[in-house]
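The listed protein sequences correspond, in order, to chains A and B. Each residue of the first sequence is one higher than the one before, starting from 827 at the first, in the working numbering. Each residue of the second sequence is one higher than the one before, starting from 15 at the first, in the working numbering. The beta carbon of each residue, even a glycine, is placed where N, CA and C say it ideally should be. Here the structure is laid out as structure tokens; the discussion comes afterwards.
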Amino acid sequence: MATAAARLAAKPDAAQLFRWAVSDALVMTRRNLIVWLRVPAYIVFTVVQPVIFVLLFRYVFGGAIQVPGVGGYVNFLMPGIIAQTAAFATFATAIALAQESTKGVIDRFRAMPIARSAVLAGRLIADSVRMLIVIVVIIAVGYAVGFRFQNGVLGAVGMVLLAEAFGIAVCLVSAFVGLAIRDEESVQAFGLIWIFPLTFVSSAFVPVATMPSWLQGFANNQPVTLVINAMRAMALGGPVNPALWESLVWLAGVLIVFTPLAVRSYRRVG
Amino acid sequence: MSPADSELAIEVEQLHKWFGKVHALRGVDFSVPRGTVLGMLGPNGAGKTTAVRVLTTLLRPESGRARIDGYDVVHDAAAVRRCIGLAGQSTAIQIELTGRENLEIMGRLNHMDRPLIKQRSEELLERFDLVDAADRVAKTYSGGMQRRLDLAASIIGEPSVLFLDEPTTGLDPNGRLGMWEILRELVARGATLLLTTQYLDEADELADTIIVVDHGQVIASGTADQLKDRVGGDVLEFSVPDRNLMDAALRAIAGITDASSQVDGETRRVTVSAGGKGSQMLVEAVRRLDAAGVETVGISLRRPSLDDVFLAVTGHAAEIDEDGATSRRRDRRTPAPAKEG
């Protein structure tokens, strides 16, 4: 046991602790991504489902929906679908964390000398990578069915980045929900309750102006609409603000509120 | 206090833990010298898992003190986590990863460098008989293999104190024997082990010292032999196949000893402490039962098992939920006080 003793003897300094925190998070990230790639059901849930949504809305509902702007409904649709995809991707975040806490996996990690941030950070990084892959796939499918960016490369990249930022914010909320509820089925049910209305009662699929007026008040001012409007402006042209800065304020607010909540529920697991 | 100052790997003083209104640990005291095995024995809900969770920094006690290798589990939790390994009822292995990948991840999380991880992984795969399965995903492993991999993962960082929460629950008899062998080897290499179990034979087999926990308290402690002596010598045992003759049988042996006999209603097995006069009592019992016209099966004298100890110190039988491996005397059980969380 000499090797262990030598490794344990020195009390790590702040720089060492930081390096460990980074490497621990990356180890957890890799672990999570490998698991995602090896479970066919996860791939179907995260990649195939949004592709089906694109096709459904493009060809089934699209003909009935009149939208302003260039390129017809498919151009209107894609930023909305991408934002929705980012939001839906976080179901997996909540479910994975709920499973890991009930199965005692998180306990095992908490009893190890790993950074307290590693489990959550590894989950968020892995899920952001996963989200990015799915978004790229969706854009490719969109291109195949007629979608075209209208505002140059910079606009396209800006749209993807905003979608990612939005996804990460929703991820944090989901992480908190998963760790706080800790029951797979309840987590799914709860996800449906808040993610579905937020994404559908927004400008994602139809112009808000077509909704009844009592619903427009909510739809126009809720963060998902703001994010999608900003994404749409970046992808298709048109005024980006105030939707962009309003979205960023919302996202920052979510991060500020839910980071400590998620961390606290992580500490309380078990 | 540095680890070198302490001869005790685990010191626990007056530990109390509440879950809401449930008093799960009611002043637990014990200590474990380095390089020894402590068996923590008790029924479901006795507080074993809670105690392990406090000692592995997962729960904060309301009062009392616990130190691992001299480090306080509350104030020096980070140092404690560097000394301990935990394996148990839940597994930390990821079944979508291969055995080797699981070990590598645990090695990385223990901040070991790559060559060391590789060397230790090979060693552990070899020792735990997982070489052939090393590159298969753990999903394809048997229960025993998963448990062995989990244990390997929890000791890759060479912890000085290892906590095993019911390491063989759910394993088949072969799996248990294999696990015992591995644990003995770990101890031979100098590790300190705290092992919780509901299996009396397991504690008997592996532990240097046994503590019996019930209702959140340590109610007895000692070596297996010391505990068995508390029962008071040998145990006389027999079954009465004919239910109607049970009373006659009990009357027949009542005259021989002061000790009261225990009867298992289900198997109609009678157990009575024979005190110091074993063989004499056996002869007398056979004679009287015969005279009373009671037919018995398997009348014998044996050394007391920890089963008998449990009954003697708790007043109720050890209780097993799933498979009844330890005791079938369900008729006398008292409800467990608390759900372990």
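Burial state of residue i, where buried means 16 or more other Cβ atoms lie within 10 Å
i       : result
A/P1068 : exposed
A/W862  : buried
B/L139  : buried
B/D9    : Here chain B covers residues 15 to 355 and nothing more, so residue 9 of chain B does not appear.
B/K242  : buried
B/Q212  : buried
B/N258  : exposed
A/I994  : buried
B/T310  : buried
B/E137  : exposed
B/H89   : exposed
A/A1078 : exposed
B/G61   : buried
A/F887  : exposed
Beta strand (DSSP E) segment containing residue i, residue limits
i      : result
B/D215 : No beta strand (DSSP E) holds B/D215; the alpha helix (DSSP H) holding it covers 214 to 220.
B/D248 : 248 to 253
B/D278 : 276 to 278
B/F177 : 175 to 179
B/A101 : 98 to 101
B/A210 : Residue 210 of chain B is actually Thr in this sequence, not Ala. Segment 206 to 211, the beta strand (DSSP E) holding B/T210.
B/S77  : 77 to 82
Any C-beta of chain A under 8 Å from that of residue i
i      : result
B/A106 : yes
B/I24  : no
B/K31  : no
B/H125 : yes
B/A38  : no
B/L100 : yes
B/A92  : yes
B/L111 : yes
B/R74  : no
B/I119 : yes
B/T70  : yes
B/R190 : no
B/R265 : no
is_contact[residue i, chain B] using C-beta, thresh 8 Å
i       : result
A/G1004 : no
A/I869  : no
A/I860  : yes
A/F1097 : What the structure shows of chain A is the stretch from 827 to 1096, and residue 1097 of chain A is not part of that stretch, so it cannot be assessed.
A/P866  : no
A/W846  : yes
A/V931  : yes
Distance CB(residue i)-CB(residue j) smaller than 8 Å
i      : j      : result
B/S77  : B/H30  : yes
B/A288 : B/G247 : yes
B/A263 : B/V254 : yes
A/A982 : A/F992 : no
B/L200 : B/L209 : no
B/D228 : B/T328 : yes
B/L52  : B/T223 : yes
Beta-bridge pairing of residue i - partner residues as DSSP gives them
i      : result
B/P47  : B/L22
B/A234 : B/V226
B/S314 : B/E251
B/F33  : B/V36
A/M985 : In DSSP, A/M985 forms no bridge with anything.
B/R283 : B/S253, B/D278
B/E27  : B/R79
Alpha helix (DSSP H) segment containing residue i, residue limits
i       : result
B/T223  : Element bounds for B/T223: not the alpha helix (DSSP H) but the beta strand (DSSP E), 223 to 228.
B/I119  : 113 to 123
A/M1037 : From DSSP, A/M1037 is part of no alpha helix (DSSP H); its letter is neither H nor E.
A/M938  : First-last for A/M938: undefined, no H or E at that position.
B/D164  : 157 to 169
B/T64   : 62 to 69
A/N858  : 840 to 864
A/V1050 : 1049 to 1062
A/Q875  : 875 to 881
Cutoff 8 Å: residue i Cβ touching any chain C Cβ
i      : result
A/V853 : Looking for chain C here will not work: the only protein chains present are A and B.
Near the ligand FMN: residue i beta-carbon under 7 Å from a heavy atom
i      : result
A/L903 : Among the ligands in the structure shown, none appear at all, so the ligand FMN cannot be discussed.
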